[in-house]
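Quick notes on the structure that follows.
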Amino acid sequence: MKRNVKHRLRLAALSGAAASALLLAAPAFAQQANTASMVAADEQDQSGGLGEIVVTAQRRETNLQKTPISIAVLSGEALQNRHIQTLADLADGSVPGLRVAPFFSRTSALVIGIRGVGFLGDANQPAREQGVGVYMDGIYLGRAQGLGTALYDIERIEVLKGPQGTLFGRNTEGGAISIVTKKPSGEFRLNASAGIANFGGYETALHLDLPRAGNISLKFDGVIQKRGGTIDNPMAGQLDFNSHDRRGAHVAALWEPSDKFSALWQFDVSHDEGSPNYLQLLRKGSLPLAPILKLQPERAKAGNVGVPLQPSVGDTTGMSLHLDWKLGGGLRARSITSYRTLTQSQYDNGSAILSVFAPNGNFARYSIANFGQRQFSQEVQLLGELPRLSFVAGAFYYNEHVGDNAFAPNTLKFNADGTGYSVLPAPVSATPFPDRASIARTNSAAVFGQLTYTPALLGDRLHLTLGGRYSHDKKTGELDQVNGRIPTVNGVTAVVPMNVTSDRVDPLVNLSFDVADGVMLYGKWSTGYKSAGANSRSLTYRGFGPESVSVFEGGVKASFLDNHARLNLAAYTGTYKDVQIDFNAVIPGSNRGTLETTNTAGKGRISGFEAELTVMPVANLTLSGNYTRQHIRLPAAPNPFVAGNPLVPVYPIFAPKNSASGAIDYRVPMGAATLVAHLDGNYASSQYSSTSDPTLGDPSFIVNGRLALTDIALDDGAARLELSVWARNLFDSQYLYLRNTSAALGTYGIFNEPRTYGLTGTVRF
Numbered sequence: 020m021k022r023n024v025k026h027r028l029r030l031a032a033l034s035g036a037a038a039s040a041l042l043l044a045a046p047a048f049a050q051q052a053n054t055a056s057m058v059a060a061d062e063q064d065q066s067g068g069l070g071e072i073v074v075t076a077q078r079r080e081t082n083l084q085k086t087p088i089s090i091a092v093l094s095g096e097a098l099q100n101r102h103i104q105t106l107a108d109l110a111d112g113s114v115p116g117l118r119v120a121p122f123f124s125r126t127s128a129l130v131i132g133i134r135g136v137g138f139l140g141d142a143n144q145p146a147r148e149q150g151v152g153v154y155m156d157g158i159y160l161g162r163a164q165g166l167g168t169a170l171y172d173i174e175r176i177e178v179l180k181g182p183q184g185t186l187f188g189r190n191t192e193g194g195a196i197s198i199v200t201k202k203p204s205g206e207f208r209l210n211a212s213a214g215i216a217n218f219g220g221y222e223t224a225l226h227l228d229l230p231r232a233g234n235i236s237l238k239f240d241g242v243i244q245k246r247g248g249t250i251d252n253p254m255a256g257q258l259d260f261n262s263h264d265r266r267g268a269h270v271a272a273l274w275e276p277s278d279k280f281s282a283l284w285q286f287d288v289s290h291d292e293g294s295p296n297y298l299q300l301l302r303k304g305s306l307p308l309a310p311i312l313k314l315q316p317e318r319a320k321a322g323n324v325g326v327p328l329q330p331s332v333g334d335t336t337g338m339s340l341h342l343d344w345k346l347g348g349g350l351r352a353r354s355i356t357s358y359r360t361l362t363q364s365q366y367d368n369g370s371a372i373l374s375v376f377a378p379n380g381n382f383a384r385y386s387i388a389n390f391g392q393r394q395f396s397q398e399v400q401l402l403g404e405l406p407r408l409s410f411v412a413g414a415f416y417y418n419e420h421v422g423d424n425a426f427a428p429n430t431l432k433f434n435a436d437g438t439g440y441s442v443l444p445a446p447v448s449a450t451p452f453p454d455r456a457s458i459a460r461t462n463s464a465a466v467f468g469q470l471t472y473t474p475a476l477l478g479d480r481l482h483l484t485l486g487g488r489y490s491h492d493k494k495t496g497e498l499d500q501v502n503g504r505i506p507t508v509n510g511v512t513a514v515v516p517m518n519v520t521s522d523r524v525d526p527l528v529n530l531s532f533d534v535a536d537g538v539m540l541y542g543k544w545s546t547g548y549k550s551a552g553a554n555s556r557s558l559t560y561r562g563f564g565p566e567s568v569s570v571f572e573g574g575v576k577a578s579f580l581d582n583h584a585r586l587n588l589a590a591y592t593g594t595y596k597d598v599q600i601d602f603n604a605v606i607p608g609s610n611r612g613t614l615e616t617t618n619t620a621g622k623g624r625i626s627g628f629e630a631e632l633t634v635m636p637v638a639n640l641t642l643s644g645n646y647t648r649q650h651i652r653l654p655a656a657p658n659p660f661v662a663g664n665p666l667v668p669v670y671p672i673f674a675p676k677n678s679a680s681g682a683i684d685y686r687v688p689m690g691a692a693t694l695v696a697h698l699d700g701n702y703a704s705s706q707y708s709s710t711s712d713p714t715l716g717d718p719s720f721i722v723n724g725r726l727a728l729t730d731i732a733l734d735d736g737a738a739r740l741e742l743s744v745w746a747r748n749l750f751d752s753q754y755l756y757l758r759n760t761s762a763a764l765g766t767y768g769i770f771n772e773p774r775t776y777g778l779t780g781t782v783r784f
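The sequence shown runs contiguously to residue 784 in the working numbering.
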């Protein structure tokens, strides 16, 4: 208990007199894996066809076209062409079937879903998990906070469609995102870039590889990304809405004393400041609205009223050690050890339009949330490549400690008739700081194995894969404060404990058949789950159970036209059950709310179809297209706040029925230089943004583009210059990705970002 008290005092001290900062430790992106390099899909191989793509979806290096699961891959070149700097930029729909969104108006936490599965209702809950696992070089990143940190030198991003419960474990029911970074090369390489953009934006990046000294190779990375807000805050001297200021550094040391052993040590540190998105009122509800709060049905350029706004600050550090032994006889052993910390303060004053008018009343709720996390993970693997059998077996341990607190004071005051307002001298709240505080600890252990057998029949074209994973999860914690007071247990004031334990087995069966050279058919059945937890906004810290999916998937992967075309198809169907759903209610005799999480009754169903086509009709021209059709039906959930617990409908969030993406990439020599042109378009149909609200958002269509002149010789040496112009949301399309309706408050929502564009110069040695 003393240890917990010290942790809570540390959180409170960091909050300051105004009850400000919470700690969350999110992972900066700078881990490294021992993986083979990947040739970008739009590059040519030696025969002039599409290049091979190597992935690590099966915890070993395999060719994408020979890996019998549905995977989407973004190469480092694709990320550069789309000007993707963080995972948050994937919200444009670059990968159909993958949806990324900020948690409500907070840009400091991301919610992620694949195939419409895995979204977390409240990303600020210490004892709750997302259903899509994000991995950096095999290291699990445990929190939604910090996932928007700047990406470093990325080799590729693999989007593994779910479930991925056997090899990747808990919280991968929707799938997994595997980020693979570039490791030290042992050769001198320097890549330095600088750029400017609209909204006062600028960015710099430095990637330096040093020559191998003895048997040690070093690599250094540094990034700075800054942009002003896209919506003006009318209050002078305050941040605008939707701004960011990201900085980070990373160092990697690769020790290779022999061709049979290597050790990769890495350290990274990141600092991320940002302001919230702006919530707009689209239609008035039944409650009174102050004249000064105007309806804004189109994407606003400025807020209705100026509000105090300070940056939400996230700081992350991480250290990891990757060991790799080649044991001989086709056997290989690996160890991945990681320790990470994250602190995140969150200041959300972007929802002033939800304020109900009262003469001389206080308004503009300043939602303050502080989050602190530390995590340790250890994974060991044994891999084998035998004549007819390949396998991976291993064990995994994960330990996490998370603390949070929150406060929601008002910062502004209406005048008597609502035509004006004043700034309160200090934030005003009906409850003392903190309004909510909790601790959660997680211990998770697992053993897993997967083998692929090729029997001596049918010309070695048949491959059978079997796998399984056993997981044991245990969560403990304490609820210290809720609704501004210490909770009571049986009428006695006390800290409310939380203790949730679950055991789980996730199997996999996969059968694939090489119909012809370059053509493979496969069928797969697998399961996955999102772990149990508790809701720290409830009065009871009552636990709820895990949710899970079970999916049958069938597909074809084909390369044809002398490897100038690639077509991958997948169809899937399965069950989705025990979905974790939030319910809120007002405490009788109080204006304070409480929130409980329950598991849905019965089974839901998910099904869909995915298609990916890449064609190189002529040299240096690549055309690619992706399409996803998905259908999700969730079972009804019992309302714990109504007598008899009646079942109510549940809506799948951020799960458009149709989504598609297409791209054109062209390279043409221009004297001694090369002109590189890229254009992509991304479409998604309308979607829900709340599990309890049948209001749909807007369909979206976003176009991004980049034009670069590269390989410009600077001297007679190896130095080369690249100049590029880029644009995201080229045609300045606007759509509501979040739209909710309340009879009392009206309809409100958040629009996508406006057009951003810039100029970048890069020097390479």
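Glycine included, each C-beta is placed from N, C-alpha and C at the ideal position.
- Of the candidates H269, G150 and F395, the residue whose Cα lies closest to the Cα of P203 is H269.
- When the five nearest sequence neighbours on each side are left out, the beta carbons in the same chain lying within less than 6 Å of the beta carbon of N529 are those of P87, T484 and K543, in order along the chain.
- In this structure, T356 and S370 do not form a Cβ contact; the two beta carbons are roughly 42 Å apart against a cut-off of 8 Å.
- By the Cβ criterion, the region 160-172 is not in contact with the region 467-476, since fewer than three pairs of Cβ atoms, one from each stretch, lie closer than 8 Å.
- A straight line joining the alpha-carbon of N424 with that of G537 spans about 55 Å.
- Counting only residues of its own chain and dropping the five nearest sequence neighbours on each side, L258 has a CB closer than 8 Å to the CB of G248, N252, S294, L328, Q329 and P330.
- In the structure shown, D108 falls within a helical segment according to DSSP collapsed to helix, strand and coil.
- Assignment of beta-bridge partners to R561 by DSSP yields no partner.
- Per the coordinates, the alpha-carbon of T594 lies some 31 Å from the alpha-carbon of I72.
- In the three-state reduction of the DSSP assignment, Q244 falls in the strand class, which pools E and B.
- Around the C-beta of R101, 16 or more other C-beta atoms lie within 10 Å, and the residue is accordingly described as buried.
- Residues G135, I625, P671 and A674 of the same chain have their beta carbon placed closer than 6 Å to that of I651, with the five preceding and five following residues left out of the count.
- Our two residues, Q365 and S761, have alpha carbons roughly 25 Å apart in a direct line.
- N759 sits buried, since 16 or more C-beta atoms from the chains shown fall within 10 Å of its C-beta.
- Within the DSSP bridge table, the entry for L694 names V687 and L728 as partners.
- In the three-state scheme derived from DSSP, where H, G and I count as helix and E and B as strand, E317 is classed as coil.
- Beta-bridge annotation (DSSP): M155 is paired with I158 and I198.
- If you check the CB distance, Y548 and D525 come in under 8 Å.
- Where L715 is concerned, there is no enclosing alpha helix (DSSP H), because DSSP gives it neither an H nor an E.
- Taking 8 Å as the cut-off, the beta carbon of W344 is found no closer than this to the beta carbon of F395.
- Apart from sequence neighbours up to five positions away, the residues of its chain that approach Y358 with a beta-carbon distance below 6 Å are M338 and F395, ordered along the chain.
- Taking C-beta separations shorter than 6 Å and ignoring five residues to either side along the sequence, the partners of A456 in its chain run N424, D499 and Q500, following chain order.
- L733 places its beta carbon less than 8 Å from that of L740.
- As a beta-bridge residue in DSSP terms, E404 pairs with S409.
- Scanning the region 525-552 from its first residue to its last, the whole beta strand (DSSP E) runs of 3-plus residues come out as 538-549.
- Cβ contact annotation for M517 (same chain, cutoff 6 Å, sequence separation greater than five): G496, A553 and Y560, in chain order.
- In the DSSP assignment, R585 forms a beta bridge with S578 and T633.
- Looking only at F784, A763 and T647, the smallest Cα-Cα distance to S374 is reached by A763.
- Shown here, L83 sits in a helix according to DSSP, grouped into three states.
- Just so you know, the alpha carbons of E192 and L757 end up roughly 24 Å apart.
- When DSSP states are grouped into helix, strand and coil, E71 belongs to the coil group.
- Closest in C-alpha terms to L694, from the list N701, R686 and L778, comes R686.
- Boundaries of the beta strand (DSSP E) around L742: R739 to R747.
- In the DSSP assignment, S386 forms a beta bridge with D367.
- Take the alpha-carbon of G205 and the one of G233: they are about 10 Å apart.
- Taking a cut-off of 8 Å for Cβ pairs, the region 645-661 and the region 616-633 touch, as three or more such pairs fall below it.
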